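Participant: According to the numbering used here, the residues represented by the sequence shown are 8 to 166, in order. Every residue gets a Cβ at the ideal spot worked out from N, C-alpha and C, and that includes glycine. Every value quoted in this text rests on a predicted model; they were computed, and no experiment measured them.
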Amino acid sequence: MKPFQINVAELPWESYAHGRFGSDDKAVAGALRAERLDYVLTRLGPGQISSPYHAHHAGEELFVIIEGSGRLRYDGEEKPLRVGDFISCPPGSASAHQIWNDGDVPLLYWAISTVEPLEICEYPDSGKLLVKAAGRDGRDGLQGIFRQGDTVDYFLDEG
């Protein structure tokens with residue numbers, strides 16, 4: 008039977024770091040075995056940036072600031088973040104976003120998103136594209152990251 012209720016305090020923090028990017032996350036959706044929505048409690052330490060500046064072309068995201076303060080880069084503009092802020096990121100280039108902690112205490116927020124079987128994510132700062140297609144089990148499938156300008160002819164190497 009799928010769990011329908013958990014207490015986030017009982018979930019472990021999972022950390023990742025790569026250069027100036029990193030966060031501590033609690034994978035709530037995974038613990039609940041959610042199917043169409045992803046819920047992650049994210050904690051950014053002082054100076055941490057959640058991820059490279061990006062926009063989803065299929066999935067939609069919502070961020071809810073619950074502790075601390077930080078900065079949001081959204082569609083090329085920077086704005087302050089504070090407790091109680093809701094940030095909506097519908098699909099499309101105009102919703103490119105990035106969150107970072109410019110304060111002295113942790114920034115804590117909910118990241119809620121739709122789970123899409125097909126996703127294209129663009130990274131405007133680096134000119135990359137992420138292309139992802141879920142497999143039949145919803146997990147294993149195809150994924151690749153490419154420079155946006157790396158295109159080839161449709162019939163290249165087809166004989």
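(1) DSSP three-state label for S180, please.
(2) Measure the C-alpha to C-alpha separation of G66 and E126 and round it to an integer number of angstroms.
(3) Quick check on the DSSP output: what are the complete alpha helix (DSSP H) runs of length 4 or more inside the stretch 49-75, in order along the chain?
(4) Buried or exposed for W107, going by 16 or more other Cβ atoms inside 10 Å?
(5) Which whole runs of the beta strand (DSSP E) in the stretch 96-156 are 3 residues long or more, in chain order?
(6) Compare the Cα-Cα distances from S76 to each of E42, W20, R50, L69 and report the closest residue.
(7) Evaluate the contact criterion for the stretch 27-36 versus the stretch 50-64: three or more CB pairs, one atom per stretch, below 8 Å.
(8) Using 8 Å for Cβ pairs, my map puts I72 next to V47. What's the rounded Cβ distance?
(9) Which residues does DSSP list as the beta-bridge partners of K33?
(10) If you reduce the DSSP assignment to three classes, tell me which class A24 lands in.
(11) Leaving out five residues on either side along the sequence, give the residues of the same chain with a beta carbon under 6 Å from the beta carbon of F93.
(12) Decide if A63 is buried, meaning its Cβ has at least 16 other Cβ atoms within 10 Å, or exposed.
(13) Note down the Cα distance separating G134 from V112, rounded to an integer number of angstroms.
(14) By the 10 Å Cβ neighbour count, where 16 or more other Cβ atoms means buried, how is L149 classified, buried or exposed?
Facilitator: According to the structure shown:
(1) Past the boundaries of the shown model lies residue 180; the chain is included only from 8 to 166, so the question cannot be answered.
(2) G66 and E126: Cα-Cα distance of roughly 7 Å.
(3) With a minimum length of 4 residues, no continuous alpha helix (DSSP H) run stays inside the stretch 49-75.
(4) Of the other Cβ atoms in all chains shown, 16 or more fall within 10 Å of the Cβ of W107; this residue is therefore buried.
(5) Every beta strand (DSSP E) of 3 residues or more that sits fully in the stretch 96-156 is shown, in chain order, as 104-107, 114-121, 125-130, 135-141, 148-154.
(6) Comparing alpha-carbon positions, the option among E42, W20, R50, L69 lying closest to S76 turns out to be R50.
(7) Taking a cut-off of 8 Å for Cβ pairs, the stretch 27-36 and the stretch 50-64 touch, as three or more such pairs fall below it.
(8) Going by Cβ atoms, the distance from I72 to V47 rounds to 14 Å, so no, they are not a contact pair.
(9) Within the DSSP bridge table, the entry for K33 names L48 as partners.
(10) Looking at A24 - three-state DSSP - the assignment turns out to be strand.
(11) The beta carbon of F93 sits closer than 6 Å to the beta carbons of V71 from its chain, once the five residues preceding and following it are set aside; these are given in chain order.
(12) Looking at the sequence provided, one finds His at residue 63 rather than Ala. Buried, since its Cβ has 16 or more Cβ neighbours within 10 Å.
(13) G134 and V112: Cα-Cα distance of roughly 32 Å.
(14) So L149 ends up on the exposed side.
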